[in-house]
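Novice:
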Amino acid sequence: MELDFIEVWDNYEQLSEEEKTMIREAMSGPLRDVIGKVFGTEFDRMLGQFAASEPAPKRGLAARKPAT
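With the first letter of the sequence shown counted as 1, position 8 gets the number 9 in the numbering used here; the numbers rise by one all the way through.
Printed below as a string of structure tokens:
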């Protein structure tokens, strides 16, 4: 099985922020270990890129901190 990392990353970038968060959470937990065992170390390294990616900074009203 060969995967084009650029294509995979482009597909990831097309996800909604909620979907990206779901992937980051899954790839930072035990699910990543299981998937890595099934698909191998190269695939696991690629998954690590998703776990390491940061969510986009909030802008506009979403960036405001609530008043205390």
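Backbone N, C-alpha and C fix where the C-beta goes; we use that ideal spot for every residue, glycine too.
These figures come from a predicted structure and were not determined experimentally.
Using only the alpha-carbon positions, how far apart do S17 and I36 sit?
Specialist: Going from the Cα of S17 to the Cα of I36 covers about 23 Å.
Novice: Ignore the nearest five residues each way along the sequence and tell me which others in E19's own chain have a CB closer than 8 Å to its CB.
Specialist: none
Novice: Answer with buried or exposed for L4, where buried requires no fewer than 16 other C-beta atoms within 10 angstroms of its C-beta.
Specialist: By the Cβ neighbour-count rule, L4 is exposed, with fewer than 16 other Cβ atoms within 10 Å of its own.
Novice: Could you please give the first and the last residue of the uninterrupted alpha helix (DSSP H) stretch that includes G37?
Specialist: 31 to 40
Novice: Can you have a look at M28 and say buried or exposed, based on whether 16 or more other CB atoms are within 10 angstroms of its CB?
Specialist: buried
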